[in-house]
Amino acid sequence: MKNKSLVSITDYSKDDYLKILDIAAEFEKNPSQHLLDGKIVATLFFEPSTRTRLSFESAINRLGGRVIGFSDANSSSVTKGETLKDTIKMVTGYVDLIVMRHPLEGAARYASEVASVPVINAGDGANQHPTQTLLDLYSIKKTQNTLENLNIFMIGDLKYGRTVHSLLMAMSNYNPTFFFISPDELKMPNEYKLFLEQHNIKYYEYRDFMPIIAEADIVYMTRVQKERFSDPIEYEKTKNAYVLNNSMLENTRENMKILHPLPRVNEISLDVDENPKAYYFTQAQNGVFVRQAIITSILGIK
Ligand code: CP
């Protein structure tokens with residue numbers, strides 16, 4: 059992992075995942091340590107973010123490092139016509155590590171080829187969100203005491219949802235059974251289903267989750283992402299497809315937990331928040347420890 063960019067979740071092996079989760083568990087016990095003294099990290103966010111950017115910045119600050127960057131491309135020289143290549147080449151000379159979110163699929167891979175410091179993909183369009191996946195693995199392992207043989211329900215926007223794409227690939231190492239629940243317009247793309255078939259992983263597709271929710275170990279809710287639709291009518295048709303409320307959880311397994319990468323819009327009712335099966339806010343908090351583990355591993359400190 060040392061000096062290696064993290065662009066796709068497949069850049070890391072199954073062993074790497076476990077190393078990151080173990081280091082994250084250490085950081086959870088002791089998150090404030092001076093391990094990044096003298097290090098500077100750039101957070102370049104060409105697309106909006108609350109959790110990813112702030113948890114990265116919290117992770118770095120808690121380790122004594124410094125952060126430079128922007129949270130809005132409009133405040134950078136991109137508005138003057140500067141290319142991504144030139145932007146990355148410049149920032150490379152200022153920092154030890156780049157964390158980048160960009161709306162274009164493949165932008166993070168391209169940045170990693172241009173940069174002479176490691177690049178962490180903080181989300182590239184509908185493609186990948188590998189650091190979210192590592193915090194999802196951490197959350198699943200913590201709540202289920204295992205990653206193996208789980209029934210994983212993915213509900214909502216499975217077409218554009220980069221978090222479900224990365225999570226599916228990582229979880230495929232642990233013999234899960236996937237239940238994909240989405241409207242026809244937002245089904246899991248064929249390339250990911252092909253990936254599962256090649257890895258002998260079972261998956262089923264449904265329009266409705268209520269008849270089967272009693273089988274779930276993990277319910278991974280997702281937002282229908284308005285910003286990914288070119289046709290607003292398509293968004294209006296699908297935006298309220300699934301709304302999880304407390305009464306729907308009555309016959310679910312004891313161990314079942316509800317995850318969501320957040321932000322939510324209305325796909326989880328507020329009455330679910332107090333249910334002990336709701337784990338999404340703790341999941342987001344786990345992001346700090348997992349990102350501390352990723353940063354220190356890439357910088358060769360852990
Ligand atoms: N989970 C996630 O990527 O959230 P943000 O868009 O707020 O970073």
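Numbering of the sequence shown is given in this note's numbering, commencing with residue 59 and proceeding in unit increments. Ideal Cβ placement from N, Cα and C applies to all residues, glycine included.
With a 10 Å radius around the Cβ and a threshold of 16 neighbouring Cβ atoms, Ser133 comes out exposed.
Here the distance from the Cβ of Arg111 to the nearest heavy atom of the ligand CP is below 8 Å. Per DSSP, reduced to three states, the secondary structure at Arg167 is helical. Following the DSSP letters along the chain, one finds Lys260 inside the beta strand (DSSP E) bounded by residues Lys260 to Tyr264.
Leaving aside the five residues that flank Ser230 on each side, the residues in its chain whose CB is nearer than 8 Å to its CB run, in chain order, Phe253, Leu254, His257 and Ile259. Here Gln190 has Thr221 and Pro319 as same chain residues with Cβ atoms under 6 Å from its own Cβ, once five neighbours each way along the sequence are excluded. Secondary-structure assignment with DSSP links Phe253 through no beta bridge to anything. Below 8 Å, too few C-beta pairs join the stretch 137–156 and the stretch 71–80 to call them touching: fewer than three. For Asn344, the enclosing alpha helix (DSSP H) covers residues Tyr338 to Ile356. For the pair Arg109 and Ser197, the Cα-to-Cα distance works out to about 15 Å. Relative to the ligand CP, Gln343 has its C-beta separated by 8 Å or more from all heavy atoms. Taking 8 Å as the upper bound for CB-CB distance, Glu163 and Ala184 are in contact here, some 6 Å apart. Using a cutoff of 8 Å, the CB of Leu76 does not count as near the ligand CP, since none of the ligand's heavy atoms is closer than that.
With contacts defined as CB atoms closer than 9 Å, Gly123 and Asp95 qualify as a contacting pair.
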